Amino acid sequence: MREKETTLYFGPQHPGITGNMMVKLKVAGDTIVKAETHVGYLHRAFEKLMERRTWMQSFPIVCRICVPEPDPNEENLARAVEEIEGREVPERAKYIRVMVLELSRLAAYFLWMGGQSGTAGLYTVPQWSVGDRDYILDLFEELTGGRIYHMYIWAGGVRRDLPEGFADKVLKTMDYIESRLPEYDKLMFDNAIFQKRAQGIGVIDKDKALEWGVVGPPLRGCGIKHDVRKDEPYEVYDKLDFVVPTYEGGDIWARAMVRRKEMEQSISIIRQVIEKMPGGEYYNKVPTPLNWFVPPGEAYVKTESARGEFGYYVVSDGSLKPRRVHVRGPAYVHGVSLLENILVGANISDVAMIMNSLGVCPPEIER
Amino acid sequence: MYNDKEASKIVDIIKNFARKHSLWIVAYGTGCGAIELPPTMTSRYDAERFGIRGSATPRQADVLLITGYLSVKTLKRVIRTYEQMQEPKYVIGFGSCTINGGMYWDSYNTIKALDRYLPVDVYINGCMPRPEAVISGFIKLQELIAQGKADGAKRYQENLEWYRENQRKVIKNWRMPEYNW
Amino acid sequence: MNSIEYILFITFIGAGLTFIVHHALPKLRDTLAILVSALDLYFVIQAISEKSKVVLSIADFHLIWKTTPYNNLFAVLIAVLGFLTILYAHDFMSSKDRLGYFYMNFLFALGGMYGIVYSQDFISLFFFWEIMTWASFLLVIYCCKDAQPIGLKYFVFSAIGAYSLLIAIVMLYSLSGNLELTNLISNFSNFSVSNQLIVVTLLLLGFGVKSAIMPLHVWAPGAYFISPSPFTALFSGALSKMGIFGIGLVLFKFAAQSGYFSYVQIILAWIGGITALLATFYAIFQTDAKKLLAYSSIGQLGYIIIGLAIGTPLSIASALFLTILHAAFKAMLFMATGAVYFRTGTTDMNSVSGLIRKMPFSFITALFGIITVSGVPPLGGFAAKWMLYESLIQSRHYFLVIVVFAASTAAFLYLYRFIFSLFLGQEEKEWEDVKEAPLLMVIPMLILSAFVLVVGVFPGLILDPISQSMNYLGNFNFNYETSVLFNEWGNQVDMQTVVNTIGAVFLIVGLIITFKGFKKTRYVSTKDIHTSGEIPQENENLTYAVDFYKPFERAIAPILKSSIDKIYTGIANNLEQAFDYLRYVYTGNGQTYAMYVVFFLSLLILFAELIFGINL
Amino acid sequence: MDKDFINENKTIEEIKNTFHSAEAKLQRKNRIIVKLRSDLIPPFLSYAKNYLSFDHLAHFSCVDWIEDNQFELVYILYSYEKNIIAIVKTRIDREKAEFVTVKHLWRQAETFEREFHEMYGINFTGNNRLTEFILEDWDDIPPMRRDFDTMQYSKENFYTRPGREDAQDVREVITKKSGEKIPDFAKEFSVRKLK
Amino acid sequence: MEINWSTILGIIFTPIIAFIVGVTYGGLTRVITARVQNRYGPPIFQNLLDIIKLYSKESNINHGVMQHLGPVFAITASVTTLFFVPVIKDSTVFTNFSFHGDLIFLLYIMVFGSLGMALGAGQTGNPNSAIGVSRGLSQLVGYEVPFVMALVAIMIQFQTTNLNDLLAVQDHFTKWIIFQSPFAFLAAILAFLGMMGYAPFDVVIAPAEIASGPPSEFGGKYLGLMLTSRSIFTFAKLVLFTDIFLGGASDFITLLIKTFILYMIPVLTGIVFPRYRTEQSIRFFWSWPLFFGIIAILVVVF
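Residue numbers (this note's numbering), protein chains in the order written: chain A, 42 to 408; chain B, 34 to 214; chain C, 62 to 677; chain D, 560 to 754; chain E, 2 to 303.
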């Protein structure tokens, strides 16, 4: 028997989808009656593969879990290993890590900005913002050798020291990016039509946010001030001065504004880091990777990524290889159960925008 | 009177010139390599200079870009997408994982060699390839088109049996609509 | 005997005969009905050249039937449509029972209409009006039990119309002592202004009910929906035109003599405009094809009334042109819908889809129908719409033209919905075995399709009789050629050039696109569509049909919901309640009805005496 | 020292007072570990959510202890109010892997449970959505179980392009280098079964 | 209608010129958009290459006869529109049939193509196409109303419905209707934005929402024909607006300048605005443009 509602396949081959996933929509008119998230198109079995690889070999793997923003993954694994081992990290390495994390957050926000306005139909912003993001990628390239995947942060510190004159380049790039932000404001955030499209759509209220385990900018967009960097300061975030912006409303607009304000905070954090960065070693010696036994133990570590709290649960059984590395990205909740819930009653026009504003990133759902 | 053969040659030259300079990529980010497509398409590298642009559905597209590893689940959709495209159509394998599995060589869910399942015209290696590499891959494809060597679709048609056999071996539950030529 | 006598005689005798034949020789029944309608058609055409006149004197009253150009126009319309619908009914009704009842009432309705259009006095007009109403009422309740409340609604509204007609007739008689049309017309200017207004209002009310102008349209969607398709085609195409016939007569023969004519015009035109707009909006949100067409009918009659009310030569021409055209295209659409119903058993647009390859002729008919309704060139609808707009602009009805244009643009929505849902879209499994309708159903559809095409190219062919009947209605002259239309400012549209251009470009490009890469162009089923690479499951519905125009609904919600709709539904609800009370009154016993009628009549007479001081 | 962990210790006390069999200890700042019998998990979790204000299910993990023939389920709860993370652990039988759902407490648990059902073959009673989630048409044993050999599966099912033959098991290399001993359980799941 | 050499020349050359200009404008749009977006952009003739490539596609699929004929309907409408618009003022060759039709005819023939395309898209059975059509038709009702208001105001003001008469009125640039009847121009130009389908009114083909909507099943020669039609139609609409409001053009250079300026209005608007939702778009057309339309009519009446 034919169903009454029309089935619309939103993805995997769809210009509006973020990444490779599928939302099966049942629509009546252009209103969504039921949404079903289908993931697994990107499943590479990272967690299985890590059981077969040494601790050091796992670092290139974890960074591929989240493509737009790989550094929180490396940071998480590094800190988990350090916590289990009780390994100390030099102060300089901590500062460098914070700088890399904030740079990657900025890069991710630029990409998000492109996606958010691209799905709204404003195609000039993606062109600008992805272009501007490349300046940050250039910094990464100089620092780590890779544009996208850095494999830079590892247990015991970072892979290499800052190149000569790098700090100046970072500052210059920050100046440039800061000078660009007002233009984005004019084009996107102050744009009347964008506001019309974004306000009152995809609303998550406070209770719902807590009930469904929302994290990151969507949580702060409901007015709940929660940020891992403040709650449980890792690295040197407790020594830095920044605020956690929150907005009321819980709609796409609030989430967009939270991100927009966080971009300013990130720039300021990066400046502070460069200013305060001490000298000294950039890493503590670790054993030969091929002979690196991590004592038995477990650790749950979390990092604030651009999309929210990124948690790793790492178990070691004392052998060469991890017993279990379980990754919980923010999209794990946002992309499956929450998305299915808030899409009901939404308009077809807004599906892509809602997905984008929640920061749904399929590779971290299925890994 | 002009020679018919000559005329068809001129038509071929025009056709190939147009095909070469107008490559529409179907919007399908199959793997993590899709993250380098926005920089390629946007202001820094601006692939539109070469007539490369995205298209929403496979019916309108010329190029299927396999951006990285293919899980079995995706492979099924990719085959479907590829078969819905109109000839002439080209496949570009993007990243090491399409060539030999890359770092997922021992994963139970990803295929290791794309050209067993789809006719690949150009491979771009790297993990992941930089935008420059992507563009150079496209230029290579353009050269092949100009020479008339980008005949992936034809190979697929001729060796359909072989491709099907490989595809069926991987995709356990083959519930695909049959491809009528 | 002259032609008119033949027509009336044959039709009514034929009606009775079919009923008898149905019980004696069921096979002959359809043939007889077709024969009767064919003879009617012959004699109607005969009557045009014959200029026949029939006078029947009963006591003091003279019942007169006569041919005038205006009458002939409508008579031909009825005859052609009657013939085609009966032809269509042969196969359509073949599986139904109580066919004797059906054909008898069908022919009675036809006969009633002939009587109305030829009548030259109000007695016979009212008499045949009632025959027509009763016959159509019986056909409305023909199908099933569900039809009874709808039939009741129709009956009540018809009764309102009939009573207001009756009061007007009584008033006219008391004022002039005569009921012959020619006499009344010449005497009308002697009446007092208030009497003139009352008479005109009552007459317009009476005729307006049949042509379903808002707010008297309540009966129409249900009645059109529930009546069997062949009759629906006649109902909407010809029967509702009796109202237009009357309104035309009243406006130009009576009201035009009154000093308040311009006010009547304005009010009527705006009623027509609002009817057109609202009916269109309601049609957009229907889910049943027949209901959609019913609302569409109401809307189209709105245009006709605007055309009549404006009263410039071009507008009257457009109204009469649209009258004829509406008969054709609405019959086409109802017939196509009927063909779909005949094969699938439903007209629900949410469930039927993708019939184009199974029912190509019905599709072509529907396509021609919607192109004509929408007024897109090169089919006939364009000429009608063009004349209407030009006349509206030139008579300086600026805002009315906007309303009309908005309605006519919004009509695209429901027209597309209609053809998309039934014929285009996914070819679903449920309708795999559907075949094209039988030949006898297809032929009338194709004849009408050819007609709208020809009229589109040569509107002048129809404008000839129209201009004659307009000369009968008053001194209306306008400029036209066989294929060229002119407005009052002298601007023209040359339909022949238009059609040549469209045809040539269409043909050339069509051939090129067909033969370019002909071998490598292949047909794929509608299941092989872009579904984002996924393979749809069996039970998943890929047809987009439910709430088709949700965004539009949301956009006009503030307009529709906040103001008119609320009041309107309020009234409608109250009316429904009123009908519930009425149900107690209408017990179903014939004698009680008769008693009611007598009671009501005496009340009316009392009323007339007391209020208007009319001495009967 | 104790002053720093005042919140944590208080919570541990509360837990111990309510659930006497619970093994609760402090891991580090902001972290407490609670070990429980599997049948006490549902009441404990609802207690933790309703009375100890652990509003947020930050993580839900599963570890395959094949040596003990057990699965370890790890609920990681976070309290916005107290800023404490509680790692709640329990073990269930590996052969008859079944547990109860907690999706009525935290809506996102449904997704985790769907994943574990698919990846470990654990059946969560009460969760009616244990359908295909990540894999499609999977016919082998659940892949995240430690006895599933991904290398072998990959070799059997996928064509491998020549050129990877010299890929070596790291452990083999290390054993050669340092003469270190390999635990028995590890041998079993090595690339090439070491004798 | 008399057939003579100038008519035949007009019939042959007008569509060709329209196609070339339309395609070039399309390419130019892409270049200008690219420059705004900090890019170099494709060559100017990129759209032509795209169209040739689409025609040269070897395999084509259709879902039935209406999908086959849909683009033909579209191109018929564009070419017919073009033929009934005087391209060059007072030219014997390029006035074509403009004396045989008037503004109301043009209004209707312009819809003909959309209707044909809608039927073609409907035949494919793709739900995205149907959604696109439903959006497009809804929006059509939105922008046609202010557009008609503007036209009605002009028709009443100048007592004609024929374009040639309107051209004759605007014999000096101070008499251009844009100056004589500015409110009508405002209403019409806002409707024009919707007609051209650039952002914020590109709800019909919104790729991120409904995967390019009605054309989503069209590929190869069908898509090529659609793009050809769009190029011609763009030019026809531009010429129509130039004739109505900007006094037409008596030579090609003027025509190109005027049409290009007109064309840049929707293009540049499109670069800096995101897309409206369908109902927002309709409501927009029924707010300011409708208001301007009413003012325009009231100005004429009083």
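The beta carbon of each residue, even a glycine, is placed where N, CA and C say it ideally should be. Being a predicted model, the structure only gives us computed values, none of them experimental.
Restricting to Cα atoms, I'd like to know which of the options is closest to residue i.
| i | options | result |
| --- | --- | --- |
| B:Lys145 | D:Tyr637, D:Thr690, D:Phe717 | D:Phe717 |
| C:Met154 | C:Cys204, C:Trp195, C:Gln107 | C:Cys204 |
| E:Ser139 | C:Glu549, C:Glu497, C:Glu595, C:Ser469 | C:Ser469 |
| E:Leu228 | E:Trp6, E:Val37, E:Val32, E:Lys54 | E:Lys54 |
| C:Asn256 | C:Phe286, C:Ser290, C:Gln318 | C:Gln318 |
| A:Gly81 | D:Lys735, D:Thr709, D:Glu695, D:Met710 | D:Glu695 |
| B:Asp79 | B:Pro164, B:Gln119, B:Gln93, B:Val44 | B:Pro164 |
Return the chain-ordered list of same chain residues with a C-beta closer than 8 angstroms to the C-beta of residue i, the five sequence neighbours on each side being excluded.
| i | result |
| --- | --- |
| C:Ile563 | Pro438, Pro439 |
| C:Leu453 | Ile367, Ile371, Ser376, Leu461, Val462, Val465 |
| B:His54 | Phe83, Gly84, Gln175 |
| B:Met34 | For B:Met34, the predicted model reports a pLDDT of 39, less than 50, meaning its position is unreliable and no value from the coordinates is stated. |
Rounded to whole angstroms, what is the Cα-Cα separation between residue i and residue j?
| i | j | result |
| --- | --- | --- |
| B:Cys160 | B:Gly66 | 8 angstroms |
| E:Ile157 | C:Leu568 | 37 angstroms |
| C:Arg583 | B:Val105 | 30 angstroms |
| B:Ile178 | E:Phe234 | 32 angstroms |
| C:Thr194 | C:Val201 | 10 angstroms |
| C:Phe609 | A:Arg301 | 38 angstroms |
| A:Leu260 | E:Phe74 | 51 angstroms |
| D:Phe692 | A:Val377 | 10 angstroms |
Going by the DSSP bridge assignment, what does residue i pair with across the sheet?
| i | result |
| --- | --- |
| E:Pro111 | The question names Pro, but residue 111 of chain E in the sequence shown is Met. Answer by DSSP bridge pairing: none, since E:Met111 is not bridged. |
| A:His367 | A:Tyr354 |
| A:Met63 | A:His79 |
| D:Cys621 | D:Leu632 |
| A:Lys227 | None, per the DSSP bridge assignment. |
| A:Gly198 | A:Trp195, A:Tyr324 |
| C:Asp182 | C:Glu241 |
| E:Ser363 | This structure does not reach residue 363 of chain E, given that chain E is present from 2 up to 303, and the question cannot be answered. |
| D:Thr570 | None; D:Thr570 has no bridge partner. |
Going by beta carbon distance, what residues of the same chain come within less than 7 angstroms of residue i, once the five residues before and after it are set aside?
| i | result |
| --- | --- |
| A:Thr409 | With chain A running from 42 to 408 in the structure shown, residue 409 of chain A is simply not present. |
| C:Trp447 | Leu546, Val554 |
So that I know if they touch, is there some Cβ in chain G lying closer than 8 angstroms to that of residue i?
| i | result |
| --- | --- |
| E:Ser135 | The structure shown contains no chain G; its protein chains are A, B, C, D and E. |
Starting from the C-beta of residue i, find all residues in its chain whose C-beta is less than 6 angstroms away, skip the five residues before and the five after it, and write them out in chain order.
| i | result |
| --- | --- |
| E:Pro72 | Tyr223, Leu226, Met227 |
| E:Asp103 | Thr162, Asn163 |
Report the residues of the segment 197-216 of chain E with a CB closer than 7 angstroms to any CB of chain A, ordered along the chain. Cβ contacts with chain A come from Ala200, Pro201, Asp203, Ala207, Pro208, Ala209, Glu210, Ile211, Ala212.
Between the segment 44-63 of chain A and chain C, which residues of the former have a C-beta closer than 9 angstroms to a C-beta of the latter? From the segment 44-63 of chain A, only Glu44, Lys45, Glu46, Thr47, Thr48, Leu49, Tyr50, Phe51, Gly52, Pro53, Gln54, His55, Ile58, Met63 have a Cβ closer than 9 angstroms to chain C.
Could you run through the segment 684-707 of chain D and flag, in chain order, every residue whose CB is less than 9 angstroms away from some CB of chain A? The residues in question are Glu691, Phe692, Ile693, Leu694, Glu695, Pro702, Met703, Arg705, Phe707.
Residues of the segment 27-42 of chain E with a CB closer than 7 angstroms to any CB of chain A: list them in chain order, please. Across the segment 27-42 of chain E, CB contacts with chain A closer than 7 angstroms involve Val37, Gln38, Asn39, Arg40, in sequence order along the chain.
Selection of the segment 263-291 of chain E by Cβ proximity to chain A, strictly under 8 angstroms: For chain A, the residues of the segment 263-291 of chain E that bring a beta carbon within less than 8 angstroms of one of its beta carbons are Ile272, Val273, Phe274, Pro275, Arg276, Tyr277, Arg278, Thr279, Gln281, in chain order.
Near-chain C residues of the segment 132-160 of chain A - C-beta to any C-beta below 9 angstroms: Contact residues of the segment 132-160 of chain A toward chain C are absent (C-beta to C-beta distance below 9 angstroms).
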